[in-house]
Each structure stands twice: as structure tokens, then as C-alpha cells.
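Structure, as C-alpha cells:
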Amino acid sequence: MKYPKGIKPRPKKPASKSRSFDGRIKYGQRGMTLEKDLDQTNQYYLETGRAVIHKKPTPVQIVNVDYPSRNKAKIDEAYFKVPSTSDYNGVYRGRYIDFEAKETRNDQRFPFINIHAHQVNHMKQCYDQGGMVFIIIRFSLYDESYLMPIEHFLPFWDAFQDGGRKSIRYQDIKDAGLLLKQGMNPRISYLDAVDEFYFENGE
1 MKYPKGIKPR PKKPASKSRS FDGRIKYGQR GMTLEKDLDQ TNQYYLETGR AVIHKKPTPV
61 QIVNVDYPSR NKAKIDEAYF KVPSTSDYNG VYRGRYIDFE AKETRNDQRF PFINIHAHQV
121 NHMKQCYDQG GMVFIIIRFS LYDESYLMPI EHFLPFWDAF QDGGRKSIRY QDIKDAGLLL
181 KQGMNPRISY LDAVDEFYFE NGE
């Protein structure tokens, strides 16, 4: 795979199947959204002292406010604005971490329509400053979530910007990312994948 100038992706271990502790493939709790799973995971990481990672609030543009009394205000009309940055950020093992979470029901590809150019640009800027930056992509029909480092994502994005494919194939995401293990606590063990990608010997 050809990577943008200056980007040197770290070697990674082959992805493994997501299984429960008894070795069986885990299908429990299907239907939970990726965002909810990540919120539970981040709360667990915070409570156990492993990392401090939070979801950024979605920006809202307030259009009309009603003041029924001097000390009360009621928002009558407001609209969600398009986020200018990624979904989550924080600190892990002394380094800045920043990532986007996306979910698709497509079983063969991840369409680029699901992500905005300014979000990718923000993540590239964070990466250029030494941050650990990635995208977590869930294929909901398979109940599979993959962590894909931004340096692996960018070649596909840059090709799209130059008139190439409008999506990343499911198989390409499997090859370039790591399948995330699912369980109870944490719900999605994405920091284990971060260890493999960004720290020597996964330690």
C-alpha cells in the first residue's frame, strides 16, 4: 500500500477473531450502538485509571430563545451543526489521543459520505503533531468493529479526493486495521489495539 509522504505506518500483528473467554465467537448484545459502547468503555477506562477519554459535545446553533421570566430561558428553536473535529479525544499513557467513530450497515464497504473532509483534516493535523489518531469503524450487520489508524486511512481518502473509489472495501479495512475484542468491561477493548499500533511490542 502506498502511503502519503512523511507517513510511516507502524507494523502490526494480524487481527484475530472476536471471541469470548471460553473461545466461542461472541454475538451477545447485538444492536447496541457504537457510540453507546464507546461511552461505556471510556467510563470503564476512566474509573480504572487506564485513560481519560471523552466524547466531544455536538455543537448546536441556537436560533430562538424564549424568556418567560427574568431568571428562566427556554430554547424554542435550535439546530445541530456539522462537527468541525472528531468524536473523541483525551490522554492515554502520556500521549494525546483523538479518534472518530463511524457505523455502517453496508456489508461490503465503508462509504466516504459518512465522514466530512474537515474532520479528516483535523485528524491529519493531530497526527502531524504526534497524536495517536484513528477511526473506529463498525460493520453493524457483522457486529464487527475495526480500529484503523489515520495513516492507514489517508491513502484511501487521498485516492477518493483525486477521483478514485468513493468507499473503502470491507476487506481493505480488515487488512489495514485490527478487529476489536468485545466483552462486558470494557465493551470494546480499543486501547489494546492502540497498544499494538502505537507502542513498541504492544507494551
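Going by full-length UniProt numbering, the residue at position 19 of the sequence shown is 19; the numbering climbs one at a time, nothing skipped. Even glycine gets a Cβ: it sits at the ideal position worked out from N, Cα and C.
Inside the stretch 96 to 133, DSSP marks whole alpha helix (DSSP H) runs of 4 or more residues at positions 117 to 128, from first to last along the chain.
With contacts defined as CB atoms closer than 9 Å, Pro111 and Lys74 fail to qualify as a contacting pair. When the five nearest sequence neighbours on each side are left out, the beta carbons in the same chain lying within less than 7 Å of the beta carbon of Glu35 are those of Ala101, in order along the chain. In the three-state reduction of the DSSP assignment, Leu141 falls in the coil class. Annotation for Ile168: the continuous beta strand (DSSP E) segment containing it runs 167 to 169.
Cβ-Cβ distances below 7 Å link Ala159 to Arg165 in the same chain, with the five nearest sequence neighbours on each side left out; the list follows chain order. Apart from sequence neighbours up to five positions away, the residues of its chain that approach Phe134 with a beta-carbon distance below 7 Å are Phe99, Leu147, Met148, Pro149, Ile150, ordered along the chain. In terms of Cβ geometry, Leu38 and Ile136 form a close pair [threshold 9 Å]. DSSP places Asp195 within a helical segment (H, G or I) once states are collapsed to three.
Beyond the five residues adjoining it in sequence on each side, Gly177 comes within less than 6 Å, by CB distance, of Tyr146, Leu147, Met148 in the same chain, given in chain order.
Of the candidates Tyr142, Phe153, Glu103, Tyr96, the residue whose Cα lies closest to the Cα of Ala117 is Phe153. Linking Asp107 to Ile168 through their CA atoms gives a straight-line distance of about 11 Å.
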